[in-house]
Amino acid sequence: CDLDRFEFDSTAELPSFDGIIGQDRAVAAIELGLKMRSKGYNVYVAGMPGTGRTTTVKHLLRTLETGRGVPPDIVYVHNFKNPDMPRAIRLPAGQGCRLKRDMEVLIGNMRRNIAQIYESEDYKQRIKALIEEFKEREKTILRSFEERIKKENFALIQVQLGPFSKPEIAPVIAGEPVTMEQLEAMTSEGKFSQEEFERLKKRYDELSTAMEQTFKASRNLKRELREAMAKLQKEFGSPAVSDYIKDLKAEYEHPDILTYLDEVRDAILENMQRFTDGEESHEQQAAAQAGQPRAAEEAAARFRDFAVNVLVDNSKTKAPPVIVETSPNYRNLFGTIERVVDRSGHWVSDFSKIKAGSLLRANGGTLVINLMDAIIEPGVWVALKRTLKYQKIDIQTFDPFYLYSLSALKPEPIELDLKVVVLGDAWAYQILFNYDEDFPKIFKVKAEFDRVMKKDHENVTKYVNFATKITSEEELQPMAKCGVGALVEHGIRLAGRQTKISTRFSEIADVIREADLWAREEKAPQIKAQHVKQAIKARRQRVNLSEEKIQELFEEGILMVDTEGSKIGQINGLSVLSVGDYAFGQPSRITVKCSLGRAGIVNIEREADLSGKTHNKGVLILEGYFRSLFAEDKPLTIHATICFEQAYGGIDGDSASSTEVYALLSALSGLPLRQDIAVTGSVNQHGEVQPIGGVNEKVEGFYAVCKARGLTGRQGVMIPAVDVADLMLEDEIVEAVAQGRFHIFAIANITEGIEILTGVPAGARGKEGHYPPNTVFGKVDETLLDYADRMKSFLDHGDDDGP
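Per our numbering, the sequence shown starts with residue 57, numbered consecutively.
Next comes the structure, spelled out in structure tokens:
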């Protein structure tokens, strides 16, 4: 990194930066999704963790003007017509809590004022007169009946039936009432006339029927009394109730509230008896003061149907809400209906136990969740899709095992108007897009975060700004110019190409923090290049145990790789091993053996079922290229086996296909290959060497082996020419190359590579179709011609045993 491009000595001189770096495509997509008001324009944010997805989304939600105002309050109220279906009402922001307070005041006034009305002398006199009137009517009915039975020589008595008694009539015999059962017994004993008994029994049946009618009339009178008293209560209380409700309706214009208040008025007037007790009774007040919550709750439960359950209160909200749900389980997202155990031990619930979730709290704004967190939670993904598809939320208790689903409560669904931003990766997006038919309909916007960005002056400047932000916000040591340069170089190394720079800002920030630690250990006032490099080295040492163990095997000769001399049919290939959080390169010995036969080129790894599909493809391409060189004028009668020596865990990738070509050419030409050069690069059927991945790790892996055995000044690595732009090597290797102690050869085709490895010209096909003799291709062609002639000789003599 050219430090002269920086016009500062320390990041302490620079202003802090609060913006988005290098994600213009993703930012544009998120802005589109947040501004669109049409259905289904929710946003799926794809990208690698650490690329700033969450930070970007939060920044945009904080700064982007979406044209949405403050969302409404949402309340649930009792449904007086159908108590099992509580009614949802959306109110302007702030009116939810206001309605709740107004209803509490209303019920408190009703309890005081109605009780006072019923304590008035006028009301007491009217009630007393009404009661006296009905009592007199009842007495008249009973007196008439008593006079009738007295004329018939019967009396009205009370018969005890266990703990209860009931009225009964009995004939009067010798001045004393005798029950019909006693009289029947006397008749059986001959103490009473049978004829007289039959006459009395007939009269008894008639009078019993008359008694039933009399008591029925008495019960009807009592019912009429209750109705008359209720009518009188309503007559006295109606003006007070209606006036309060009228005043309350004047403060609200919402039609649902006006309808609800009418139902409240009717409910109060229809059941005014419970308001006649006034304030809480002395027993209730004593229980509440004694700290008995159940008693206090039961006192409040008498008027719970007039309460207001405020699910969402936006009274203090100034902008559309932004909710980042870090634990998106069913309850947290969709809300729930809580239950309590009553005195009988049953689970009970009502509308006041309905609780809101993140979806409701984010209504009118944006909800941000992590995809995998939502998918692994039972029932969440299906319910989320259904909610977004129909734009309604139906609050229910999630009970997958139906252990407590005893409540018939079904709250009215609530209309939703919100954006959901889901954070996931590209792989999960493709799976859902292809296999979930609802997914493309509800997540129409894909915002994909790139792991790299173009390395230009603007983005490098933003990198500096990012470093300034981290150091200032977290009170770290400022970064010196050289420290920033080392940080930029590390970002380019992570990107894997010199023209790009990494956007994995989580890792970049960690490097800054750890470099600050090393700077403070040295009591340095600034974070310099050595501190950044020390932090990077320490991070590598924490995870490179596997690399060190393999390196020891090379040093001890257990893994056999030659770094000097030349050998026929043997070459050093390069591969990259990944252990999850760390990748490193290592050399591998590749050998080829050739003989007369018809099997062609045999991939031993494939035969042993240790070769991946990409590696198999590379070998087949190799064979196609080889045939294009040497099989135009003769059949290939060859049996060549290619093997990765000491490879037991499987081989995949085609980056060794050019290496295998060199080994094959060496085995057929008899020309030895340099063992001090390791080779990487894939080949196409035209013989062009194609770029590969992990070039830095591969170069560093072979350098480590050569260094351990002693650098000779001839060792090096052969890479595709296109991969030169990917080189971001460690300082030690750059210095070794500059001093001529290690070499990097960049080649474009097989011809260039084989000449470097053998020191012999590759050769070009002449006009007659033959290669020059003393060239690599010429010697290979001679060997193949010899194979063909010998095969023909065997066939002519009938000695071919093969297929």
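A virtual CB, placed ideally from N, CA and C, is assigned to each residue, including glycine.
Touch test, the stretch 76 to 85 against the stretch 465 to 474, Cβ-Cβ under 8 Å, three pairs minimum = no
message = So the candidates are F331, D406 and K537; which of them puts its Cα closest to the Cα of R360?
response = Taking the first residue of the sequence shown as 1, we reach residue 360 at position 304. It is D406 whose Cα lies nearest to the Cα of R360.
task = Determine the DSSP secondary structure at S72, reduced to helix, strand or coil.
result = Counting from one through the sequence shown, the residue named residue 72 turns up at place 16. In this structure, S72 counts as coil in the three-state DSSP scheme.
ask   = CB-CB under 7 Å to V364, same chain, minus the five flanking residues each way: which ones, in chain order?
value = Residue 364 sits at position 308 when you count from the first residue of the sequence shown. Around V364: V131, V133, L155, K156 and M159.
message = DSSP three-state label for Y638, please.
response = As a first step, residue 638 is located in the sequence shown; it is residue number 582 there, counting from the start. DSSP places Y638 in coil when its eight states are reduced to three.
key: Buried versus exposed, by CB contacts within 10 Å (16 or more), W574   = Taking the first residue of the sequence shown as position 1, residue 574 is located at position 518. W574 comes out buried.
request  = Give the DSSP-derived three-state secondary structure of N138 in the structure shown.
outcome  = On the sequence shown, residue 138 is found 82 positions in, with the first residue counted as 1. Of the three classes helix, strand and coil, the one that applies to N138 here is coil, per DSSP.
ask   = Between the C-alpha atoms of Y97 and R143, what's the straight-line distance to the nearest angstrom?
value = The residue you call residue 97 lines up with position 41 of the sequence shown. The residue you call residue 143 lines up with position 87 of the sequence shown. Distance between the alpha carbons of Y97 and R143: 29 Å.
query = DSSP on Q250, reduced to helix/strand/coil?
reply = Taking the first residue of the sequence shown as 1, we reach residue 250 at position 194. Here Q250 sits in helix by DSSP.
inquiry  = Less than 8 Å between the C-beta atoms of Y179 and F292, yes or no?
reply    = Here residue 179 refers to the residue found at position 123 of the sequence shown. Here residue 292 refers to the residue found at position 236 of the sequence shown. Taking 8 Å as the Cβ cut-off, Y179 and F292 qualify as a contacting pair.
request  = In the DSSP assignment, find the beta strand (DSSP E) that holds H587 and state where it starts and stops.
outcome  = Here the question's residue 587 lines up with position 531 in the sequence shown. Premise fails: H587 lies in the alpha helix (DSSP H), A585 to Q597, not in any beta strand (DSSP E).
request  = Give the range of the beta strand (DSSP E) segment to which D129 is assigned.
outcome  = As a position in the sequence shown, residue 129 is number 73, starting the count at 1. Its beta strand (DSSP E) spans residues D129 to V133.
message = What residue range does the alpha helix (DSSP H) around N515 cover?
response = On the sequence shown, position 459 is the one that residue 515 refers to. Note, N515: alpha helix (DSSP H), H513 to E529.
task = Could you name the residues of the same chain whose beta carbon sits closer than 6 Å to that of A284, not counting the 5 residues immediately before and after it, in chain order?
result = Within the sequence shown, numbered from 1, the residue matching residue 284 stands at position 228. The answer, listed in chain order, is L186.
task = Give the C-beta separation of A585 and A551 to the nearest angstrom, bearing in mind that I take them to be a contact with Cβ-Cβ under 8 Å.
result = Along the sequence shown, one-based indexing puts residue 585 at 529. Along the sequence shown, one-based indexing puts residue 551 at 495. That pair is no contact at about 19 Å.
message = Report the start-end ranges of each alpha helix (DSSP H) in the stretch 721 to 804 that is 4 residues or longer and not cut off at the edges.
response = 751 to 765 and 787 to 794
request  = Look up K579 in the DSSP assignment and say whether it is helix, strand or coil.
outcome  = Counted from its first residue, the sequence shown places residue 579 at position 523. Residue state, collapsed to three classes: coil.
Per DSSP, cross-strand counterpart(s) of G480 = Translated into positions along the sequence shown, residue 480 becomes position 424. Partner(s): A102.
ask   = Could you check where the beta strand (DSSP E) with N659 kicks off and where it finishes?
value = Position 603 of the sequence shown holds residue 659. Unbroken beta strand (DSSP E) run through N659: G656 to N659.
Minimum length 3: unbroken beta strand (DSSP E) runs contained in the stretch 377 to 433 = 378 to 380 and 422 to 426
inquiry  = Going by the DSSP bridge assignment, what does C650 pair with across the sheet?
reply    = Position 594 of the sequence shown, counted from the first residue, corresponds to residue 650. Per DSSP, A696.
inquiry  = To the nearest angstrom, how far is the alpha carbon of E339 from that of I229?
reply    = Translated into positions along the sequence shown, residue 339 becomes position 283. Translated into positions along the sequence shown, residue 229 becomes position 173. For E339, the pLDDT reaches just 48, beneath the cut-off of 50, and the residue's location in the model is therefore unreliable, although a value from the coordinates is still provided. Their backbone Cα atoms lie some 54 Å apart in a straight line.
key: Residue span of the beta strand (DSSP E) that contains L147, given as start and end   = Stepping through the sequence shown from its first residue, residue 147 is reached at position 91. L147 -> beta strand (DSSP E) spans R143 to L147.
C-alpha distance - E570 paired with L601, whole-angstrom precision = For this step, residue 570 is matched to residue 514 along the sequence shown. For this step, residue 601 is matched to residue 545 along the sequence shown. About 20 Å.
request  = Report the residue from S651, V717, I694 and P691 whose alpha carbon sits nearest the alpha carbon of G674.
outcome  = Within the sequence shown, the letter at position 618 stands for residue 674. Residue V717 is the option with its Cα nearest to G674.
request  = Would you mind giving the Cβ-Cβ distance between M428 and G480, rounded to the nearest angstrom? I have them listed as a contact below 8 Å.
outcome  = To locate residue 428, count along the sequence shown from 1; it is residue 372. To locate residue 480, count along the sequence shown from 1; it is residue 424. That pair is a contact at about 7 Å.
inquiry  = Going by beta-carbon coordinates alone, are T524 and S72 separated by less than 8 Å?
reply    = For the purposes of this step, residue 524 is taken as residue 468 along the sequence shown, with counting starting at 1. For the purposes of this step, residue 72 is taken as residue 16 along the sequence shown, with counting starting at 1. In contact: T524 and S72 (Cβ atoms closer than 8 Å).
Cut-off 6 Å between Cβ atoms - residues of its own chain near G231, not counting five sequence neighbours on either side = Working through the sequence shown from its first residue, we reach residue 231 at position 175. Once the five neighbours on either side are set aside, G231 has no close Cβ partner at all.
Backbone CA spacing between L678 and C650 [nearest angstrom] = The residue you call residue 678 lines up with position 622 of the sequence shown. The residue you call residue 650 lines up with position 594 of the sequence shown. Straight-line Cα distance between these residues: approximately 15 Å.
inquiry  = So if DSSP puts N628 in a beta bridge, which residue, or which two residues, is it bridged to?
reply    = Looking up residue 628 in the sequence shown gives position 572. Answer is R645 and A734, bridged to N628.
query = Straight-line CA distance for N830 to G108?
reply = By 1-based counting over the sequence shown, the position of residue 830 is 774. By 1-based counting over the sequence shown, the position of residue 108 is 52. N830 and G108: Cα-Cα distance of roughly 59 Å.
ask   = Between P227 and V234, is the Cβ-Cβ spacing less than 8 Å?
value = Along the sequence shown, read from residue 1 onward, the residue named residue 227 stands at position 171. Along the sequence shown, read from residue 1 onward, the residue named residue 234 stands at position 178. Yes.
inquiry  = Checking 8 Å against the spacing of the C-beta atoms, do S66 and Q582 come in under that value?
reply    = If you number the sequence shown from 1, residue 66 lands on position 10. If you number the sequence shown from 1, residue 582 lands on position 526. It is a contact, given that the beta carbons lie within the stated cut-off.
ask   = Cβ of T619 within 8 Å of Cβ of Q795?
value = Mapped onto the sequence shown, residue 619 falls at position 563. Mapped onto the sequence shown, residue 795 falls at position 739. Their beta carbons are not under 8 Å apart, which means T619 does not touch Q795 by this criterion.
query = Considering only residues of the same chain and omitting the five flanking positions on each side of F248, which have a CB-CB separation below 7 Å?
reply = Taking the sequence shown and counting its residues from 1, one reaches residue 248 at position 192. So the list reads L239 and M242, once near-sequence residues are dropped.
Endpoints, the beta strand (DSSP E) within which K51 is located = The displayed coordinates of the chain run from 57 to 859. Any statement about residue 51 would go beyond what the structure contains.
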